[in-house]
Amino acid sequence: MKIFTLREHPHGEDVLLVIEVADSSVDYDRTVKLPIYAQSGIPEYWLVNLEKDEIEAYWEPAGAGYRFRELLKVGDVLKARSLEFEVEVGGVLG
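Each number in my numbering comes from the position in the sequence shown (counting from 1) with 1041 added on.
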């Protein structure tokens, strides 16, 4: 595991998963941040949409986007592809 100091920021290859929790910024996160994460090579991106009570999961970056997208709602189980981790969507959205 790499440890970062206050003098440096993590790079795309240092990050396995980014989770954005959004209320009013969903469009910005989807149209501005998502392409940046994909171009940086971050393998997986979750956008927790509090307004719609759903989670958008993206994986396999390709250019300014991701090859795959899954929309999950309460009752679904979200499985991270880059980590051995899963979570019930209802537990996240509460």
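Beta carbons: idealized from backbone N, C-alpha and C, even for Gly.
Going by beta carbon distance, what residues of the same chain come within less than 8 Å of residue i, once the five residues before and after it are set aside?
i        : result
Tyr-1107 : Leu-1075, Ala-1079, Tyr-1086, Tyr-1099, Trp-1100, Glu-1101
Ala-1105 : Pro-1076, Ala-1079, Gln-1080
Give the range of the alpha helix (DSSP H) segment to which residue i is assigned.
i        : result
Gly-1116 : That residue, Gly-1116, is in no alpha helix (DSSP H); it is neither H nor E in DSSP.
Leu-1134 : 1130-1134
Leu-1088 : Unbroken run through Leu-1088 is the beta strand (DSSP E), 1085-1090; no alpha helix (DSSP H).
Pro-1051 : First-last for Pro-1051: undefined, no H or E at that position.
Ala-1079 : 1075-1080
Is residue i near residue j, with beta carbons less than 8 Å apart?
i        : j        : result
Val-1089 : Val-1128 : no
Leu-1119 : Glu-1095 : no
Leu-1057 : Leu-1134 : no
Val-1073 : Glu-1092 : no
Determine, using beta carbons only, whether residue i comes closer than 8 Å to chain D.
i        : result
Leu-1112 : Within the model displayed, chain D is absent; a lone protein chain is all it includes.
Return the chain-ordered list of same chain residues with a C-beta closer than 6 Å to the C-beta of residue i, the five sequence neighbours on each side being excluded.
i        : result
Arg-1122 : Glu-1085, Trp-1100
Please return the same chain residues whose Cβ sits closer than 7 Å to the Cβ of residue i, not counting the five positions on each side in sequence.
i        : result
Gly-1131 : Val-1115, Gly-1116
In terms of residues, what are the limits of the beta strand (DSSP E) holding residue i?
i        : result
Glu-1061 : 1059-1063
Glu-1095 : 1095-1103
Across the region 1099-1108 and the region 1077-1089, are there enough close Cβ pairs to call them in contact, namely three or more that are closer than 8 Å? yes
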